[in-house]
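Notes to accompany the following structure.
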Amino acid sequence: MTAELPTPDTTLRAMQAIVGANACRSGDADTQAYVTDYRGIYRGQAQVVVLPASTEEVSRVLQWCHAQRVPVVPQGGNTSLMGGAVPDDSGTAVVVNLSRMNRVLAIDPVNDTMTVQAGVTLSAARSAAEAEQRLFPLRIGSEGSCQIGGNLSTNAGGTAVLRYGNMRDLVLGLEVVLPDGRIYSSLRGLRKDNTGYDLKQLFVGAEGTLGIITGAVLKLMPQPRSSAVAFVAVPDPAAAVALLGEAKRLSGQAVTAFELISRPALDLVLEYLGNIASPLQERHDWMVLVELTSGTDAESLNATLMEILESGFSQGLVLDAAVAASLSDAQTFWRIREEISDAQTRTGGSIKCDVSVPLSRIAAFVEEASARVLELVPDARMVIYGHMGDGNVHFNPLRPKDQPARDFLTQWYEPVSALVDGMAHAENGSISAEHGIGVAKRDDLTRYKSQVELELMWQVKQALDPLNLLNPGKVLPAPGR
Ligand code: MLT
Ligand code: ZN
1 MTAELPTPDT
11 TLRAMQAIVG
21 ANACRSGDAD
31 TQAYVTDYRG
41 IYRGQAQVVV
51 LPASTEEVSR
61 VLQWCHAQRV
71 PVVPQGGNTS
81 LMGGAVPDDS
91 GTAVVVNLSR
101 MNRVLAIDPV
111 NDTMTVQAGV
121 TLSAARSAAE
131 AEQRLFPLRI
141 GSEGSCQIGG
151 NLSTNAGGTA
161 VLRYGNMRDL
171 VLGLEVVLPD
181 GRIYSSLRGL
191 RKDNTGYDLK
201 QLFVGAEGTL
211 GIITGAVLKL
221 MPQPRSSAVA
231 FVAVPDPAAA
241 VALLGEAKRL
251 SGQAVTAFEL
261 ISRPALDLVL
271 EYLGNIASPL
281 QERHDWMVLV
291 ELTSGTDAES
301 LNATLMEILE
311 SGFSQGLVLD
321 AAVAASLSDA
331 QTFWRIREEI
341 SDAQTRTGGS
351 IKCDVSVPLS
361 RIAAFVEEAS
371 ARVLELVPDA
381 RMVIYGHMGD
391 GNVHFNPLRP
401 KDQPARDFLT
411 QWYEPVSALV
421 DGMAHAENGS
431 ISAEHGIGVA
441 KRDDLTRYKS
451 QVELELMWQV
461 KQALDPLNLL
471 NPGKVLPAPG
481 R
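Take 1 as the starting number for the sequence shown in full-length UniProt numbering and just add one per residue.
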């Protein structure tokens with residue numbers, strides 16, 4: 001098949017004719033940033049990188065690639081942790097980067113919706129909503145770089161899923177360019193539409209394997225009038241789950257975030273940031289960052305937070321707590337949480353597992369999986385953190401300080417993630433709660449999805465992309481593996 005492909009020169013000229021010479025990148029130096037993932041783990045090559053400015057241009061690019069049988073890799077902010085947004089090293093692909101399609105097209109404050117192009121960054125989408133006194137509630141650490149198209153393609157989650165759901169819950173309509181260049185559009189912003197299959201949801205979480213998302217209608221929420229944030233030490237993960245139950249009981253819908261942080265995760269991030277102290281005096285093994293938000297006034301929300309903490313103290317679920325006294329305190333607490341991911345990347349040597357189990361099992365899972373991983377890698381720093389309120393933890397054993405990353409990482413797939421993922425699967429959990437599959441976990445799916453699920457996934461792929469041109473090699477394990 002490779003021999004029949006057009007030469008890179010032919011492809012470059014064809015792409016220049018569609019998007020203009022200034023919107024094409026070719027050659028190693030100019031394509032480097034687009035073919036390497038942001039952690040520097042996955043490095044591929046591309047014939048050409050194109051940056052279209054409109055849906056019509058995306059459509060013409062895909063029509064040409066389809067006719068020429070050229071594989072296409074869609075790309076947003078290139079913040080995937082799974083290698084889902086970069087090409088393989090064959091050098092055959094055209095990368096379609098959506099960054100120039102970065103306009104907020106409309107905000108309808110009555111319908112509480114926002115229509116955006118796919119290349120709008122998450123932070124730009126949030127700011128545009130805020131300018132209309134609305135909230136777009138998706139919250140993830142990479143919001144300054146990640147784009148709405150990528151958020152949709154990976155069904156992004158983050159720290160406010162507990163309250164608002166993930167991207168699948170936040171989208172009302174999509175515009176998608178199909179592998180042959182046809183345009184599917186449901187940019188209508190309806191909350192009720194039972195006219196057959198919900199086609200848009202096929203593309204959410206498909207990681208660009210079925211088409212390229214070019215636009216979306218997103219739900220907007222009322223802006224909360226107040227928030228209350230606390231950094232809380234708990235005796236163990238079971239106490240954290242019990243405290244979450246108390247928080248829900250006493251505040252109803254107000255619990256917006258409930259993030260677990262293990263002691264090694266806190267130590268790592270404080271060392272990495274250098275200029276920030278722990279919010280708590282003593283050192284504790286387990287902490288949670290709790291945020292309540294509501295439409296009521298700050299005074300009554302703070303009173304609710306105090307009630308939750310007092311109830312926690314009296315039941316032995318809380319050992320200590322720091323309540324944010326100002327916006328700046330709250331920002332510091334959140335900075336500590338959000339920088340854990342980068343602290344690991346910069347330290348190097350982190351085995352990343354992103355698992356979820358039912359909330360009723362998460363505490364036991366964390367304890368049991370930690371004990372078993374420590375039997376295998378006794379000195380690993382157990383960096384465990386994340387979205388406890390959703391039953392989702394980032395379970396990331398980190399190399400001992402004196403062990404080179406390369407040596408430690410030889411244990412990544414076997415035995416460490418095989419053990420952790422296997423334990424999550426045995427609890428009816430997921431081996432990828434929110435980071436997706438990409439190339440990193442593609443072949444693991446054969447172990448954790450049923451034959452019927454894999455067959456259905458391939459049938460959907462074949463129906464929409466029979467030539468296997470869209471993000472080939474991602475998500476779907478080769479049939480028969
Ligand atoms: C997070 O929750 O911080 C993100 O999912 C990123 C990560 O875990 O590395
Ligand atoms: Zn996360």
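Just so you know, even glycine gets a beta-carbon here, dropped at the ideal spot from N, CA and C.
Closer than 8 Å: residue i CB and nearest the ligand MLT heavy atom
i	result
Ile140	yes
Ser153	no
Lys352	yes
Arg81	According to the sequence shown, residue 81 is Leu rather than Arg. Because some heavy atom of the ligand MLT lies under 8 Å away, the Cβ of Leu81 counts as near it: yes.
Thr159	yes
Gln344	yes
residue 486	Only positions 1 to 481 of the chain appear in this structure, which leaves residue 486 out of reach.
Cβ-heavy atom distance, residue i to the ligand ZN, below 8 Å
i	result
Thr11	no
Gly386	yes
Thr446	no
Thr296	no
residue 485	Any property of residue 485 remains undetermined from this structure, which presents the chain solely from 1 to 481.
Asn428	no
Gly391	no
Glu368	no
His66	no
Glu143	no
His435	yes
His425	no
Distance between residue j and residue i (C-alpha atoms, nearest Å)
i	j	result
Met221	Ala298	19 Å
Gln47	Ser26	7 Å
Lys441	Ala424	15 Å
Asn471	Gln75	10 Å
Gln459	Pro224	43 Å
Thr2	Gly83	Low per-residue confidence applies at Thr2: pLDDT is 48, beneath 50, and the placement is therefore not dependable, though the value from the model is reported in the following sentence. Approximately 22 Å, taken between the alpha carbons.
Pro358	Gln451	23 Å
Gly157	Pro137	10 Å
Asp112	Ser185	20 Å
Leu170	Asp108	15 Å
residue 561	Ala14	The requested residue 561 is not part of the displayed model; the chain covers only 1 to 481.
Lys352	Glu453	25 Å
Pro415	Ala206	28 Å
Thr7	Thr79	29 Å
Gly40	Glu339	18 Å
Ser226	Thr304	12 Å
Leu260	Leu374	19 Å
Leu469	His66	7 Å
Trp412	Gly389	26 Å
Ser278	Ser417	30 Å
Gln462	Gln68	18 Å
Span of the beta strand (DSSP E) around residue i
i	result
Cys65	Per DSSP, Cys65 belongs to no beta strand (DSSP E); it is in the alpha helix (DSSP H), Thr55 to Gln68.
Val204	Neither: Val204 is in no beta strand (DSSP E) and is coded neither H nor E.
Ser262	Val255 to Ser262
Leu172	Val171 to Val177
Thr347	First-last for Thr347: Ile340 to Thr347, but that is the alpha helix (DSSP H), not the beta strand (DSSP E).
Neighbour-count burial assignment, residue i, 16 or more Cβ in a 10 Å radius
i	result
Pro87	buried
Val318	buried
Gly119	buried
Ala404	Rather than Ala, the amino acid found at residue 404 in this sequence is Pro. Exposed, because fewer than 16 other Cβ atoms sit within 10 Å of the Cβ of Pro404.
Phe231	buried
Glu291	buried
Leu456	exposed
Asn428	exposed
Leu122	buried
Asn275	exposed
Delimiting residues of the alpha helix (DSSP H) encompassing residue i
i	result
Met287	Premise fails: Met287 lies in the beta strand (DSSP E), Trp286 to Ser294, not in any alpha helix (DSSP H).
Met423	Ala418 to Ala426
Asp297	Per DSSP, Asp297 belongs to no alpha helix (DSSP H) and is neither H nor E.
Thr115	Here Thr115 belongs to no alpha helix (DSSP H); instead the beta strand (DSSP E) covers Thr113 to Gln117.
Pro74	Note, Pro74: premise wrong, no alpha helix (DSSP H); beta strand (DSSP E) at Val72 to Gln75.
Tyr164	Val161 to Tyr164
Leu250	Pro237 to Ser251
Ala150	In the sequence as displayed, the identity of residue 150 is Gly instead of Ala. Ile148 to Ser153 is the span of the alpha helix (DSSP H), which, as asked, contains Gly150.
Rounded distance between the beta-carbons of residue j and residue i, thought under 8 Å
i	j	result
Ile384	Val393	6 Å
Leu174	Ile213	6 Å
Ala242	Val255	Not a contact, Cβ separation roughly 14 Å.
residue 538	Ala233	No answer is possible for residue 538: it lies beyond the span of the chain, which begins at 1 and ends at 481.
Neighbour flag for residue i against chain D, beta carbons, 9 Å
i	result
Ala303	No chain D is present in this structure, which holds just one protein chain.
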